[in-house]
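All residue numbers in the sequence shown are consecutive under the working numbering, ending with 572.
Beta carbons are placed, not taken as given, at the ideal position from N, Cα and C, and that holds for glycine.
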Amino acid sequence: MTTALDPVTLGVIQNGLQQVCNEMDLAFCRAAFSPVIAEAMDRSDGIYAAEDGALIAQGDLGLPVFVGTMQYGTQAVIERVDDPQPDDVIICNDPYLGGTHLMDVRFYRPFFYDGELFCWLANTGHWPDTGGMVPGGFSARATEVEQEGLRIPPVKLFKSGELDPEILAIIQSNIRIADQRIGDIKAQAAALKIGDKRLAALLDRYGKDTVAQAIKELRERAARLMRATIAEVPDGTYYGEAFVDSDGVVDEPLKIAMTITVDGDEMTFDMAGSSPPCRGPMNSVIATTRSSIYLAIKHVFPNVPLNAGTYEPLKIVDPKGTFLYAEYPRPVSGCAAEVSQRIAEAVFAALTKAIPDRLFAAPAGSSGNFALGGYDPDKGRSYVMYVISGGGYGGHPGGDGLTNGCSTIGISKSQPIEVLEQYYPVLFERYALAEGSGGAGEHRGGFGINYRVRVRRGEARASMVMDHGRTGPQGVLGGGNGGANQVRFEFADGRVHVPAHLSKEQDITVLPGDVIDVRTPGGGGYGDPAKRAAERIEDDRVKGYYGESGPDAPFGRRD
14 MTTALDPVTL
24 GVIQNGLQQV
34 CNEMDLAFCR
44 AAFSPVIAEA
54 MDRSDGIYAA
64 EDGALIAQGD
74 LGLPVFVGTM
84 QYGTQAVIER
94 VDDPQPDDVI
104 ICNDPYLGGT
114 HLMDVRFYRP
124 FFYDGELFCW
134 LANTGHWPDT
144 GGMVPGGFSA
154 RATEVEQEGL
164 RIPPVKLFKS
174 GELDPEILAI
184 IQSNIRIADQ
194 RIGDIKAQAA
204 ALKIGDKRLA
214 ALLDRYGKDT
224 VAQAIKELRE
234 RAARLMRATI
244 AEVPDGTYYG
254 EAFVDSDGVV
264 DEPLKIAMTI
274 TVDGDEMTFD
284 MAGSSPPCRG
294 PMNSVIATTR
304 SSIYLAIKHV
314 FPNVPLNAGT
324 YEPLKIVDPK
334 GTFLYAEYPR
344 PVSGCAAEVS
354 QRIAEAVFAA
364 LTKAIPDRLF
374 AAPAGSSGNF
384 ALGGYDPDKG
394 RSYVMYVISG
404 GGYGGHPGGD
414 GLTNGCSTIG
424 ISKSQPIEVL
434 EQYYPVLFER
444 YALAEGSGGA
454 GEHRGGFGIN
464 YRVRVRRGEA
474 RASMVMDHGR
484 TGPQGVLGGG
494 NGGANQVRFE
504 FADGRVHVPA
514 HLSKEQDITV
524 LPGDVIDVRT
534 PGGGGYGDPA
544 KRAAERIEDD
554 RVKGYYGESG
564 PDAPFGRRD
């Protein structure tokens, strides 16, 4: 019988594995060319088991939604790639093989030690474009995945450390701004190489057998702690639901029906009763659906360490026959950034009934995906700009919700507008708090933002896949809903256009002087608004948070 490691050694190795991932994160974002990776940090790095791809560790700066998807993606690579060699790097963005949408491109590097495969290093980076109908890939009216971009199966992009020029040529021939992607490709591969060096140093110091034993013990401990945490939740069956505005093609809401059964130290998640597969791009592949539940539970129980053991007590019934189990050729560009957050919202809504003192009202739940692609005549080159925007978090037992927080699924941040204006021919005329968007409650929701971006030069095409435009994030325990997402095009000739699907649109031609005005959702309110402290109401009034317009007024007050 193997003797358990002493706590000090176990803790040091745990932090060492974490540090390997953190250094990969930093190397990736510092070397990447695209602002969406370098500034918005839309990427993740991790270490995965050699035998089944199970999560060993993920960087602190990585997107939570990739926690689940990357382990399923690694599993797909293990099953499909024969004879991996040292310094190979496999590329894949197939959403049906443990992915999200096509723009999230995944690299996998086998890690060898003493001539044997010890584990896999993997990362994901959001490329600004992978081809398809519209610049940026967020095609709101796509009805099949081929319309969304280039789909790459698991293939060796680097073979024994050498970049395969033929595969690279295929990729560059099918995406926009191809000459700029080589910087992201090399940065993504370099991050894994850094991880290889740092992990080898950790094994050199403690020995392969000791590190392998630590990984096993850390997984077992995480599973035990999660089981102990679940055991504190009252047994029972709890129901919650959330709605996607529409699929971008059919103007009808999509329902997520979430039934959570707590039985002792396990939770079972059943989504039977959710809407069937949809025509538009709001289908979710199963890896993303599972990962959405994982990250939701991590929001509720943040103190449980993160590895594959964390999720062993979580039993998910595959929602076959619904839009949450997308199969080829269903389009999926909205699954990672939007549908995943509705799944998490349904989990929150269900568990609020079981443990209201640990939960919160719904957050904004939209990444605000906005893409603008065109040609800059001053710089003599084409461009694709991808914007992520924040929103309000829900009120909670301890106070009001966070204003302009990141999406539920990640720690991505909005890129500095100064950087965007330097890279692209646009001017941000306004970037401010969206007055009135926080849902009313004893603890109100946080506020979204209101930004206005004007095209300065050249003709461009605008597309967006957002959500929560039909109804705002739901309040709980008597709290009001947060303000809804709103989008408006204001053309220089005086015309105004509001998308038929509210916050989903594609391929709108914009010219110099045209403005896109976006108002992101606020968080839901927590508790009865009548119980809100008078001094908090007065503070909101003095600061002008609700100004001259209420939560439902379009676009708030103009300064």
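Compute the beta-carbon to beta-carbon distance between residue i and residue j, rounded to the nearest angstrom, for a pair I have assumed lies under 8 Å.
i, j, result
"T151", "V102", "The residue asked about is misnamed: residue 151 is Phe in this sequence, not Thr. About 27 Å; that fails the 8 Å criterion."
"D222", "R483", "Between R483 and D222 the Cβ distance is about 56 Å, and since that is not below 8 Å, they are no contact."
"A447", "G496", "6 Å"
"L212", "F79", "Going by Cβ atoms, the distance from L212 to F79 rounds to 19 Å, so no, they are not a contact pair."
"G404", "P376", "7 Å"
"R232", "P326", "About 12 Å separates the two Cβ atoms, so there is no contact after all."
"V90", "V345", "At roughly 19 Å, the Cβ-Cβ gap does not stay under 8 Å, so V90 and V345 are not in contact."
Compute the Euclidean distance between the alpha carbons of residue i and residue j, then round it to the nearest angstrom.
i, j, result
"V439", "A40", "29 Å"
"G112", "Q88", "11 Å"
"L23", "L319", "15 Å"
"G220", "I60", "17 Å"
"P342", "Q160", "10 Å"
"E56", "N136", "Checking the sequence, you will find Arg at residue 56 rather than Glu. The straight-line gap from Cα to Cα measures roughly 7 Å."
"L74", "S425", "9 Å"
"A270", "A182", "44 Å"
"D58", "L68", "11 Å"
"G458", "P289", "32 Å"
"G386", "I50", "17 Å"
"D217", "N28", "16 Å"
"G347", "S353", "9 Å"
"V397", "V147", "10 Å"
"F460", "A445", "10 Å"
"A44", "D197", "8 Å"
"G286", "G451", "30 Å"
"I462", "S402", "8 Å"
"R189", "F46", "15 Å"
"P20", "V224", "13 Å"
"G208", "P332", "36 Å"
"P534", "A543", "23 Å"
"V489", "R465", "31 Å"
"L18", "F131", "20 Å"
"R303", "L337", "9 Å"
"L205", "G418", "29 Å"
"A359", "G493", "17 Å"
"N35", "M83", "16 Å"
Taking the beta carbon of residue i as the centre, do at least 16 other beta carbons fall within 10 Å, making it buried, or is it exposed?
i, result
"S476", "buried"
"P486", "buried"
"Q98", "exposed"
"V432", "exposed"
"K517", "buried"
"A546", "exposed"
"D117", "buried"
"T522", "exposed"
"E179", "exposed"
"T335", "buried"
"P141", "buried"
"V478", "buried"
"I52", "It is Glu, not Ile, that sits at residue 52 in the sequence shown. With 16 or more Cβ atoms within 10 Å of its Cβ, E52 is classed as buried."
"N316", "exposed"
"G569", "At G569 the pLDDT is 36, less than 50, meaning the model places this residue with poor confidence; the figure from the coordinates comes in the next sentence. Flag for G569 reads buried."
Under three-state DSSP, which class holds residue i?
i, result
"H312", "helix"
"L112", "This sequence places Gly at residue 112; Leu is not what is there. Coil."
"V439", "strand"
"I306", "helix"
"A202", "helix"
"A359", "helix"
"R394", "strand"
"T87", "helix"
"E36", "helix"
"R136", "Note on identity: in this sequence residue 136 is Asn, with Arg being the wrong assignment. Residue state, collapsed to three classes: strand."
"V489", "strand"
"A63", "coil"
"P123", "strand"
"Y324", "helix"
"R43", "helix"
"L23", "helix"
"L68", "strand"
"V352", "helix"
"D58", "strand"
**Request:** Starting from the N-terminal side, write out each stretch of the beta strand (DSSP E) that is 3 residues or longer and does not extend beyond the segment 209–288.
**Result:** 249–257, 267–276, 279–283
**Prompt:** Along the chain, which unbroken stretches of the beta strand (DSSP E) at least 3 residues long are found entirely within the segment 496–565?
**Reply:** 499–503, 517–523, 528–532
**4 or more residues per run - each alpha helix (DSSP H) lying fully within the segment 398–476** = 430–436
**Message:** Runs of 4 residues minimum, wholly inside the segment 140–186: which ones carry the alpha helix (DSSP H) assignment?
**Reply:** 178–185
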